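>
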Amino acid sequence: MFDDPTAYPISIYQGWAQKYLKGLPDYKRAIYRSFNPVCSFAYAVSREGARKVLELVGGAKDEAFDVAVMRNCKLEKLNCISIVPEVIHQYFPALSFGVKSLVDIGNGEKPGPGDEKFENVMGSTENILESARCSALWGKKCPRLVCVFSSKDYIHLARFPACSRF
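All residue numbers in the sequence shown are consecutive under our numbering, ending with 816.
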């Protein structure tokens, strides 16, 4: 575990992995042996690791790439580590567009407008405090916030002024 002031606070972390992060203090990151690295956004592999990944999950074996990697991590055929909270996450168009990603469309949500409609409107990134895309395009951080007001969450309002408007 190590300090990182850019780490998304666990107390307001969003997503399915939240229950596994309960013991991690806010503004800290941890590295651990992955047990469920599905929906992974980035990979770093050694030359030997790249060879193994290609052998084990390459060649269109009728399984999603991330699911195949996860399965091979669980079988210990791949040596997998992860960092939490994540340092890379997908960027979403503004909530007003009503669509998040091609995965959501595949899961039954209706498609939103084409890229040209929302490319110039600032969106957000879940679980990332300092978005590279938002910084480059708008000079802002644009984290996706879910403001839950309880005594524990009030300590974060100074850091997340967008919550004060709710």
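Heads up, the beta-carbon is just placed ideally off N, CA and C, and yes, glycines get one too. On a predicted model such as this, the values are computed, not experimentally measured, just so you know.
Give me the residue from Lys-678, Ala-714, Ser-774, Met-720 with the minimum Cα distance to Pro-687.
Closest option to Pro-687, Cα to Cα, is Met-720.
> Are the CB atoms of Lys-727 and Leu-706 within a distance shorter than 8 Å?
Yes, these two residues count as a Cβ contact at 8 Å.
> May I ask you to verify whether the segment 766–779 touches the segment 737–749, counting CB pairs closer than 8 Å and requiring at least 3?
Touching, per the Cβ criterion.
> Excluding sequence positions up to five away, which residues of its chain have a Cβ less than 7 Å from the Cβ of Asp-676?
For Asp-676, where only same-chain residues beyond five positions count, the Cβ hits under 7 Å are Pro-659, Ile-660, Ser-661.
> Could you have a look at Gly-734 and say whether DSSP puts it in helix, strand or coil?
For the record, residue 734 in the displayed sequence is Val; it is not Gly. Strand at Val-734.
> Report yes if the C-beta distance between Ala-657 and Lys-672 is below 8 Å; otherwise report no.
Not a contact, by the Cβ cut-off of 8 Å.
> Could you compute how far the alpha carbon of Arg-701 sits from the alpha carbon of Trp-666?
Going from the Cα of Arg-701 to the Cα of Trp-666 covers about 30 Å.
> Could you give the distance in angstroms between the alpha-carbon of Val-717 and the alpha-carbon of Cys-689?
So the alpha carbons of these two residues sit roughly 8 Å apart.
> For the beta strand (DSSP E) holding Arg-697, just list the boundary residues, first then last.
Looking at the DSSP string, Arg-697 is not in any beta strand (DSSP E); the run it does join, the alpha helix (DSSP H), is 697–707.
> With DSSP collapsed to three states, give me the class of Ala-812.
Here Ala-812 scores only 48 on pLDDT, less than 50, and its place in the model is too uncertain to base an answer on.
> Given a cut-off of 8 Å, decide if Pro-743 and Phe-715 are closer than it, judged by their beta-carbon atoms.
Cβ atoms of Phe-715 and Pro-743: not closer than 8 Å.
> Would Met-651 pass as a contact of Ala-680 if the rule is Cβ separation under 8 Å?
In contact: Met-651 and Ala-680 (Cβ atoms closer than 8 Å).
> Can you say whether Phe-685 is buried or exposed, counting buried as having 16 or more other CB atoms within 10 angstroms of its CB?
When all chains shown are included, Phe-685 counts as exposed.
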